[in-house]
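Engineer: For the numbering used here, count along the sequence shown from 1 and bump the result up by 297.
For each residue, glycine too, the CB sits at the ideal point set by N, CA and C.
Since the structure is predicted, the reported quantities are computational estimates derived from the model, not experimental observations.
Dumping the structure here so I can ask a few things about it.
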Amino acid sequence: MTQSVVARAPGKINCYFRVGPPREDGYHSVASLYLAVSLYEDVAATARDDEEIQVFLHPDSTAVSDPESFPLGPENLVVKAAMLLREHTGHYAGVDLCITKRVPIAGGMGGGSADAAATLVACNALWGTGLTREELSRLGARLGADVPFALQGGAAVGLGVGDELAPLLLRTRTDWVLVPASYGLSTPRVYGMLDRLRANEVVETPTEVDPRMVGALLDGDLDALAPLLVNDMTRAALALAPELGVVRDVGEAAGALHALVSGSGPTLALLARDQPHGAEIIAQLSDEAGVATLQVHGPVPGAGILPTVIESP
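Okay, structure coming up:
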């Protein structure tokens, strides 16, 4: 019998994202407020009888416009995650990894990090390697700064390079309309543009997320929250893709409380009052701008195993 384990991990938006100057190690210190939202990546891990790691793309992958160009080799984070888990545990088993991608690729929503998190959870269960969530998070941080949050989910303040997480116990839901772009933006490219735009400015290293914003989010006070949503990467993303500014303005004209770029972009996140209000924004964007949209909410849990374990001969 061949056993499979399916794990699911969420994408994220950054409700708050302040970026410090470039560090000697090439990274940037940030102060971020992550929110896991209801747009998910699934990874099905199926045992093999050899030590090969093979990657497949599920045909239901709505975020992939050209499956033929999607990288399935060793550069894919799911391969790196599986190999890292094997090296760490000494469990050199093979696995087939089938990814269902729904989070926009290179869209500033951590889709690749969600893939890595789901792979770690799925392979840990499939191989019986028994690592705790904390141990998986430490491994995940070696793959990317957003991987620990994809494992944790919910909401969290992130400092350092974004991997020093302090969870927030949110009891209130926020609703969002996402406007994915038809193209991606490379995160290093956006950071590089931000550095060039701020070359003659005094840029301080952020040490905290605005407490007023944390309080507004905890209280579910959307009117207080909206003007505090901020992302330093917006100016760089707009410099690389000026059309984002037009879509942002249309979104706010359609009734969004606030519109901002998520992460390094180019996905735009529009804050709605509730789910019906989000549906109204989507209808207006469709009528006036003809753009594709997704309706999501947060917070949602981090990476976990789906309740079905598939067995096939």
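Name the DSSP beta bridge partners of residue 464, please?
Structural biologist: Residue 464 is bridged to 453.
Engineer: Is the region 409-419 close to the region 381-401, with three or more CB pairs under 8 angstroms?
Structural biologist: Yes, they touch.
Engineer: If you draw a straight line from the alpha carbon of residue 607 to that of residue 364, how long is it in whole angstroms?
Structural biologist: Only weak support exists for where residue 607 lies, its pLDDT of 45 falling under 50; the coordinates are left without a value.
Engineer: Rounded to whole angstroms, what's the CA-CA distance from residue 347 to residue 340? Just pull it up for me.
Structural biologist: Rounded to the nearest angstrom, the two C-alpha atoms are 20 angstroms apart.
Engineer: Using a 10 Å radius around the Cβ and a threshold of 16 neighbouring Cβ atoms, would you call residue 389 buried or exposed?
Structural biologist: Exposed, since its Cβ has fewer than 16 Cβ neighbours within 10 Å.
Engineer: Please state whether DSSP places residue 388 in a helix, a strand or coil.
Structural biologist: Coil, per DSSP.
Engineer: Taking just the CA atoms, how far does residue 421 sit from residue 428?
Structural biologist: If I take the Cα positions, the gap works out to 7 angstroms.
Engineer: Quick one: give me the first and last residue of the alpha helix (DSSP H) that residue 339 is part of.
Structural biologist: Run containing residue 339: none in the alpha helix (DSSP H); it sits in the beta strand (DSSP E), 325-344.
Engineer: If I measure Cβ to Cβ from residue 560 and keep anything under 6 angstroms in the same chain, skipping five residues before and after, which residues do I get?
Structural biologist: Within the same chain, residue 560 has close Cβ partners 311 and 405.
Engineer: What residue does the beta strand (DSSP E) around residue 595 start on, and which one ends it?
Structural biologist: Start and end: 591-595.
Engineer: Run through DSSP, which three-state label would residue 439 get?
Structural biologist: It is coil, neither helix nor strand.
Engineer: Can you list, in chain order, the residues of its chain whose CB lies under 6 angstroms from that of residue 306, leaving out five sequence neighbours each side?
Structural biologist: For residue 306, where only same-chain residues beyond five positions count, the Cβ hits under 6 angstroms are 338, 411, 414, 415, 447 and 600.
Engineer: Tell me, please, whether the region 466-479 touches the region 553-571 by the rule of three or more beta-carbon pairs shorter than 8 angstroms.
Structural biologist: With a cut-off of 8 angstroms, the region 553-571 and the region 466-479 count as touching, because enough Cβ pairs lie within range.
Engineer: Between the Cα of residue 498 and those of 314, 318 and 303, spot the shortest distance and give me the residue it belongs to.
Structural biologist: Nearest C-alpha to residue 498: 318.
Engineer: Alpha carbon to alpha carbon, how far is residue 361 from residue 443?
Structural biologist: Approximately 21 angstroms between the Cα atoms of the pair.
Engineer: Since I believe residue 328 is in contact with residue 596 (beta carbons under 8 angstroms), could you give me their beta-carbon distance rounded to a whole number of angstroms?
Structural biologist: At roughly 19 angstroms, the Cβ-Cβ gap does not stay under 8 angstroms, so residue 596 and residue 328 are not in contact.
Engineer: Throw me the rounded Cβ distance for the residue 616 and residue 396 pair, which I believe falls under 8 angstroms.
Structural biologist: As displayed, the chain neither begins before 298 nor continues past 610, which places residue 616 out of reach and without an answer.
Engineer: Compare the beta carbon distance of residue 466 and residue 519 with 8 angstroms and say whether it is the shorter of the two.
Structural biologist: No, they are not a contact pair.
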